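In the numbering used here, the protein residues as written are 4 to 383. Cβ coordinates follow ideal geometry from the N, Cα and C atoms, glycine included. Being a predicted model, the structure only gives us computed values, none of them experimental.
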């Protein structure tokens with residue numbers, strides 16, 4: 004079932020009733036100005052998109068500029084490999100990687116893996132079936148199995164050092180992964196400070212990691228959100244992978260000012276406490292060809308966390324493509340609807356915490372999502 008905001012309700016009246024069973028008719032949302040989306044344009048994952056769209060000419064939101072691939076990182080030396088595979092000890096639980104490494108099925112990395120700064124660009128971990136993370140004791144929220152992060156400037160006016168082109172493949176990951184730049188979430192101090200002036204979206208995106216990919220892997224959540232993209236993360240790809248385990252919240256979270264991310268051809272079956280995928284002020288993402296178990300919760304929610312923590316959210320959840328997905332374990336109630344665009348509508352007690360600025364969620368608490376393509380999908 005597809006839940007919609009007012010723009011999508013107008014769309015449904017124009018295209019008539021949906022068919023039951025099979026793929027729902029393809030729909031193109033019109034934004035609040037009544038303008039059709041522009042013509043289809045190339046996209047780095049365009050072949051993935053095409054596989055899950057009906058056999059007709061369609062219009063998609065504008066694609067980002069062409070990718071510039073970073074150079075591959077040098078191979079890790081023997082000392083780095085030995086440290087990665089050595090057991091952690093109190094006060095020495097993490098290992099920093101700025102090189103590429105291949106592992107074997109019998110390898111088990113118990114240390115937390117940290118990939119930080121521009122010097123880590125091009126890092127690739129090909130696990131070859133190896134395991135990263137632990138189940139006992141259960142990791143806390145701060146104990147990330149894999150952390151891909153930027154380094155803050157050392158002085159006023161400095162530039163964030165961010166990694167790009169990082170790839171994990173063929174891994175079995177126990178725990179949770181976070182990709183972040185200015186802050187771990189939308190309430191980070193640097194995120195909040197930046198949000199109080201215009202140009203915040205561009206600053207957040209310039210500061211955050213970009214072109215990170217997780218492919219052909221299994222991630223088992225152990226109570227926390229297994230994939231969290233913090234503010235400003237762009238061009239992240241999760242493809243051909245399985246998410247399972249349990250999370251007290253979502254399975255995937257796309258935080259404010261993030262954009263151009265791809266979630267394609269995955270099996271997402273996490274016992275969740277709320278919707279499977281949160282698109283919170285995140286734009287131009289492709290969520291395509293996934294099988295998503297709802298476990299009685301929502302499937303995908305597009306909204307904007309107005310004002311939470313005093314941070315002004317600048318970007319709306321717009322121009323996302325959510326097609327060709329199969330949702331299971333939903334229901335007839337609003338809370339378990341597969342997809343809802345503009346799901347919050349400014350109805351949160353913290354919406355006033357960012358008051359006083361003439362832009363973004365400070366000026367308007369509404370979610371403001373437009374130009375989203377949200378059909379065809381199926382529910383079983």
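- When the beta-carbon positions are compared, residue 212 and residue 282 stay at least 8 Å from each other.
- With fewer than 16 other Cβ atoms from the protein chains shown falling within 10 Å of its own Cβ, residue 353 counts as exposed.
- The region 198 to 208 makes no contact with the region 217 to 232: fewer than 3 CB pairs, one atom from each, lie closer than 8 Å.
- In this structure, residue 231 lies near residue 179, with their beta-carbon atoms less than 8 Å apart.
- Taken atom to atom, the span from the alpha-carbon of residue 128 to that of residue 238 is near 18 Å.
- Shown here, residue 194 sits in a helix according to DSSP, grouped into three states.
- Taking the Cβ atoms as the reference, residue 117 lies roughly 5 Å from residue 97, within the contact range of under 8 Å.
- Contact annotation: residue 264 and residue 295 have beta-carbon atoms that are not nearer than 8 Å.
- By the Cβ rule, the region 150 to 164 does not count as touching the region 264 to 279, because fewer than three pairs are nearer than 8 Å.
- Fully contained in the region 68 to 126 are the following alpha helix (DSSP H) runs of length 4 or more, in chain order: 81 to 88.
- In terms of Cβ geometry, residue 217 and residue 187 do not form a close pair [threshold 8 Å].
- A check of alpha carbon separations from residue 141 across 250, 362, 313, 195 identifies 250 as the nearest.
- Boundaries cannot be given for residue 235, as no beta strand (DSSP E) includes it and DSSP labels it neither H nor E.
- Taking 8 Å as the cut-off, the Cβ atoms of residue 370 and residue 345 count as close.
- Excluding the 5 residues flanking it on each side, residue 253 has same chain C-beta neighbours closer than 7 Å at 228, 275, 277, 278, 279, 280, 281, in chain order.
- Between the region 356 to 367 and the region 298 to 305, the count of C-beta pairs closer than 8 Å stays below three; the two stretches do not touch.
- Residue 303 is bridged by DSSP to 280, 342.
- Inter-residue distance for residue 88 and residue 372 is about 45 Å (C-alpha atoms, whole angstroms).
- As the crow flies, the alpha-carbon of residue 313 is around 27 Å from that of residue 374.
- Under DSSP, residue 247 shares a beta bridge with 223.
- Here DSSP, grouped into helix, strand and coil, assigns residue 208 to helix.
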